[in-house]
Every structure is written in structure tokens, then in C-alpha cells.
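In the working numbering, the protein residues as written are 63 to 142.
Below, the structure written as C-alpha cells:
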């Protein structure tokens, strides 16, 4: 919900709205449910595993890349 509210990805704009009471991200919860159900309906672990592996590898790569650039830039408040 917070990423959708930033407006970086216009495709996510419908997910920026929350409930009236409590501002809970119900639309995002439904989307997450549908993605999980798609993985379950595929049913074959060998078909789902490469997709999940790639998401984790991209996450770790971008985290390490951000740490590398912060170390390279010499920002005084950066502590690894």
C-alpha cells in the first residue's frame, strides 16, 4: 500500500486505497491471495521453484548492490 501511494509504479495505483476504518490494504491482500492460489493451482513444485528462486536472488542482488554503492560513495552515516 505504501509503495502504491508513492506513485512510482502507476500500475499499482488501485492498491493505494485502504479501508475506511483502519486503512487496511484489503486490495493488496486479495492480490496476494490470488498470487498464492495461482502457485497452488500450478501444483508442480518444479514449476514454481525457479520463479521463487529468481525473486530471492534479485532481492539479495539489489541489497548487496545498494550496500556496495553506499560503501563506494563514502557517506559518513553508512555503517555496514
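All C-beta atoms, glycine included, are put in the ideal place defined by N, C-alpha and C.
Residue environment, residue 90, which counts as buried when at least 16 other CB atoms sit within 10 Å: If you number the chain shown from 1, residue 90 lands on position 28. Per the 10 Å Cβ criterion, buried.
Between the CA atoms of residue 106 and residue 141 - distance to the nearest angstrom: Against the chain shown, residue 141 aligns to sequence position 79. Against the chain shown, residue 106 aligns to sequence position 44. Spanning the two alpha carbons is a distance of roughly 43 Å.
Extent of the continuous alpha helix (DSSP H) to which residue 133 belongs: Residue numbering aside, residue 133 sits at position 71 when the chain shown is read from its first letter. That run of the alpha helix (DSSP H) goes 107–135.
Rounded C-alpha distance that separates residue 118 from residue 125: In the chain shown, counting from the first residue as 1, residue 118 sits at position 56. In the chain shown, counting from the first residue as 1, residue 125 sits at position 63. Distance between the alpha carbons of residue 118 and residue 125: 11 Å.
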